[in-house]
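Student:
2 protein chains.
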Amino acid sequence: MPSWAIGIDLGGTNIKAAVVDEAEGVLFEESQPTDVEGGPEGVVGQLALLAAELFQQGSEKLESSTFAGIGVGAPGAVDSSKGLLSYPPNLPGWGRYPLRDALQARLEQSHGMSVPILIENDANAAAYGEAVFGGGNSFRDFMMVTLGTGVGGGIILDRKLYRGPNGTAGEIGFMIIDFEGDSVHAGIRGTLESLIGKQRIVELACSMLQGQDSSPRLMELCSLDLSKVSPRHMERAAKEGDPVALRLWQRVGSILGVGLANIVALMDIRKFVIGGGIAAAGQLIFEPALMQLHRSTLPSMHEGLEIVPAKLGNTAGVCGVAALCFASGHPLRSDD
Amino acid sequence: MPSWAIGIDLGGTNIKAAVVDEAEGVLFEESQPTDVEGGPEGVVGQLALLAAELFQQGSEKLESSTFAGIGVGAPGAVDSSKGLLSYPPNLPGWGRYPLRDALQARLEQSHGMSVPILIENDANAAAYGEAVFGGGNSFRDFMMVTLGTGVGGGIILDRKLYRGPNGTAGEIGFMIIDFEGDSVHAGIRGTLESLIGKQRIVELACSMLQGQDSSPRLMELCSLDLSKVSPRHMERAAKEGDPVALRLWQRVGSILGVGLANIVALMDIRKFVIGGGIAAAGQLIFEPALMQLHRSTLPSMHEGLEIVPAKLGNTAGVCGVAALCFASGHPLRSDD
């Protein structure tokens, strides 16, 4: 009988939570704004309440004997074995926090629930979600790259999450491909995030429009106000054939391709699953990325190169932590 | 009782071979020019003869019951499981060659020897050698980087060789850190090898000396002939305090540091063992590399960063393939 679990994606803006079935994927989900002001205590209260509610909902439809546990994906450095979350970005004041144990205690205290809990880095969780339920389903080894406000990643080797010796692997946004260039992010010059993070893409569009390039269509889409130009506008303009927008995505894709080439050279991974809001541009990015990937790698490494879109959208994280609960192979038995 | 094995390093110029003891390392070694003209057939004959001679020598001092086998490190893509060597650089005309089976057949036919044989990529072999006998002895996870004519690497994860899904992992020389730069190697722009391969380092020195920089000491060392300037000269001049030579190594080290930062971000590996002829410059390279490594990574990833010199010099390869024979755990028993 398939297991089910509760997956929670703790973000700096919203908390997403879902009941995930091993066979069916997401059954139902909830979302609410993160109580950032409340600090760790407040957020743990929110997580416990959400989990208790979803457990109730799930138990009405599913066998509680096949419940596998609660998984929480969180930003920042996560020590899964100790259940520690360290300095999550966008959650100020958390420091190094024992999220697993705090949530465990709160669930018992306030809701009388005693269930297995695991904590995972959110990018890793998304990669694992895509591996089990999404775009990486058919790949043994792949890297998931998330293009959004930031550029993040998670690595799947031999169908397992590769966390690295200290649990910080997959930070492709901090890969340097232009070490003497002008763009800087988080104090580091020439990183992938500094070159194709969302903000940078918007800046690039503005500088193209302020320069020699003119695009009546893009100007129309942003109501003649360059400060309002967004990736969505550029996606739409490109799909209508606007040459400035096309050139922009061409560049974004090529830069992504250079980053992926480094993963091929270093880790011999040749499959890439690309998700995140920016990746909605789809083949506008993937085609130039794949072309660049071929140009930037040795011919002996071309066999099997593939770039595919992620499939789970913003449920990749909740699916991933739930799948990690299934994989941990310790379903909670009510008759224990 | 410790095992022993024969390690062979097949290069485009020379073949090195050694009897390696599990406890003591290299006991005796031989070297001879590679019969490149003879093609695969000729070279396999050389390898078989060398192995037979060394087996004889070894058997005079060591228990033949503890002989673990023959390991061969070779340049290019190696499929260890099938014993295939593909398109080794500097060995023209080899194509995809079944080196293990060919050597096995020749050893039986010409020398009446039937022993286990394994084939490994030479950079991987060197990394494994350093892991077992050398500079990586105390590290659980590290990357070995070889700085020489080319820039190569091998990755050790959890004390095991990480070969990657297709056996081509660790090609750090093809990592791109200057994607819009001027330097190109093997058709790829801005790779680490294009920036700090031996030839490029010499060119850099020449262009510094032809530019605004003057270095009477460097000019003296190369007998006033810039075409003769070598890394050795630059190492010596730097150690005597020559500012041009110091600046050159500073740059080489910084560029190396950028490359290592990418490994930290992607794989979460924080220990680096640096070998190869260029690495003889030692701290002249390692110090700026470590400084750059700190500048080019997030503070949360600084813990445990370390760069150490390789210890085995040009015996890393033979030690590594021998150690792989020990690890394969199938010592040949004479009483079988």
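Protein chains in written order, with the working numbering: chain S, 168 to 503; chain U, 168 to 503.
All residues carry an ideal CB built from backbone N, CA and C; glycine is no exception.
Since the model is a prediction, treat every value here as computed from it, not as a measurement.
1) Report yes if the C-beta distance between Ala292(U) and Val488(U) is below 9 Å; otherwise report no.
2) Hey, quick one: how far does the beta strand (DSSP E) through Leu314(U) stretch, first residue to last?
3) Taking the alpha carbon of Leu433(S) as the reference point, which residue from Val475(U), Gln459(U), Gly340(U), Asp202(U) has its own alpha carbon closest?
4) With burial defined as no fewer than 16 other Cβ atoms inside 10 Å of the residue's Cβ, what is the status of His352(S): buried or exposed?
5) Identify the contact partners of Leu423(S) in chain U, using a Cβ-Cβ distance below 9 Å as the criterion.
6) Along the stretch 449-482 of chain U, what residues have a CB closer than 8 Å to any CB found in chain S?
7) Cβ closer than 9 Å: which chain U residues qualify as neighbours of Asp380(S)?
8) Quick one: is Thr335(U) near chain S, going by C-beta distance under 9 Å?
9) Along the stretch 341-361 of chain U, where does the CB come closer than 7 Å to a CB of chain S? Name the residues.
10) Can you name the start and end residues of the alpha helix (DSSP H) that Gly426(U) belongs to?
11) Express the C-alpha separation of Asn181(U) and Cys373(U) in angstroms, rounding to a whole number.
12) Is it the case that the Cβ atoms of Lys438(U) and Asp308(U) are separated by a distance below 9 Å?
13) What are the uninterrupted segments assigned as beta strand (DSSP E) that are 3 or more residues long and contained completely in the stretch 273-335 of chain U, given in chain order?
14) Buried or exposed, going by whether 16 or more other CB atoms sit within 10 Å of the CB of Asp502(S)?
15) Just by C-beta distance, which residues in the stretch 294-320 of chain S are closer than 7 Å to chain U?
16) For Pro265(S), go through chain U and note every residue whose CB falls closer than 9 Å to its CB, in chain order.
17) Counting C-beta neighbours from all protein chains within 10 Å, is the total for Phe493(U) 16 or more, i.e. buried, or is it exposed?
18) Please check if any C-beta of chain U sits within less than 9 Å of the C-beta of Arg367(S).
19) The alpha helix (DSSP H) with Gly225(S) in it runs from where to where?
20) Quick check on the DSSP output: the alpha helix (DSSP H) that includes Glu387(U) runs from which residue to which?
21) Check the DSSP bridge columns for Glu473(S) and list the partner residues they point to.
22) My understanding is that Ser253(U) touches Arg263(U), with C-beta atoms under 8 Å, so please give their C-beta distance in whole angstroms.
23) For Tyr505(S), write down the residues that DSSP places opposite it in a beta bridge.
24) When DSSP labels each residue in this structure, what does Ile344(U) get in the three-state scheme?
25) Could you name the residues of chain U that Met434(S) contacts, counting a contact when the two beta carbons are closer than 9 Å?
26) Cβ of Val485(U) within 9 Å of Cβ of Val193(U)?
27) Apply the 10 Å Cβ neighbour rule to Ala490(S) and answer buried if 16 or more other Cβ atoms are within range, or exposed otherwise.
28) What separation, rounded to the nearest whole angstrom, lies between the Cα atoms of Leu451(S) and Gly364(S)?
29) With a Cβ-Cβ cutoff of 9 Å, do Gly209(S) and Ile173(S) count as a contact?
30) Can you list, in chain order, the residues of its chain whose CB lies under 8 Å from that of Ser495(U), leaving out five sequence neighbours each side?
31) Would you mind giving the Cβ-Cβ distance between Met342(S) and Leu359(S), rounded to the nearest angstrom? I have them listed as a contact below 8 Å.
Tutor: Here's the rundown:
1) With contacts defined by Cβ atoms closer than 9 Å, Ala292(U) and Val488(U) form a contacting pair.
2) Run containing Leu314(U): 309-314, per the beta strand (DSSP E) assignment.
3) Gly340(U)
4) buried
5) Near Leu423(S) there are no residues of chain U at all, since even the closest Cβ is about 11 Å away, more than 9 Å.
6) Arg462, Ser463, Thr464, Leu465, Ser467, Met468, Glu470, Gly471
7) Simply none; closest approach about 19 Å.
8) yes
9) Phe341, Met342, Ile343, Ile344, Asp345, Phe346, Glu347, Ala353, Ile355
10) 410-434
11) 29 Å
12) yes
13) The stretch 273-335 of chain U contains these whole beta strand (DSSP E) runs: 284-288, 309-314, 318-324, 327-329.
14) Here Asp502(S) scores only 36 on pLDDT, less than 50, and its place in the model is too uncertain to base an answer on.
15) Arg307, Asp308
16) The contacting residues do not exist; Pro265(S) stays about 18 Å from chain U at best.
17) buried
18) Chain U has no Cβ within less than 9 Å of the Cβ of Arg367(S).
19) 206-228
20) 383-388
21) Lys438(S)
22) 5 Å
23) A query on residue 505(S) cannot be resolved here, the shown segment of chain S reaching from 168 to 503 and no further.
24) Three-state result, Ile344(U): coil.
25) Ile322, Tyr329, Gly331, Pro332, Ala336, Gly337, Leu433, Met434
26) yes
27) buried
28) 16 Å
29) Result no, Cβ atoms of Gly209(S) and Ile173(S) do not sit closer than 9 Å.
30) Ala235, Gly236, Pro283, Leu285
31) 5 Å
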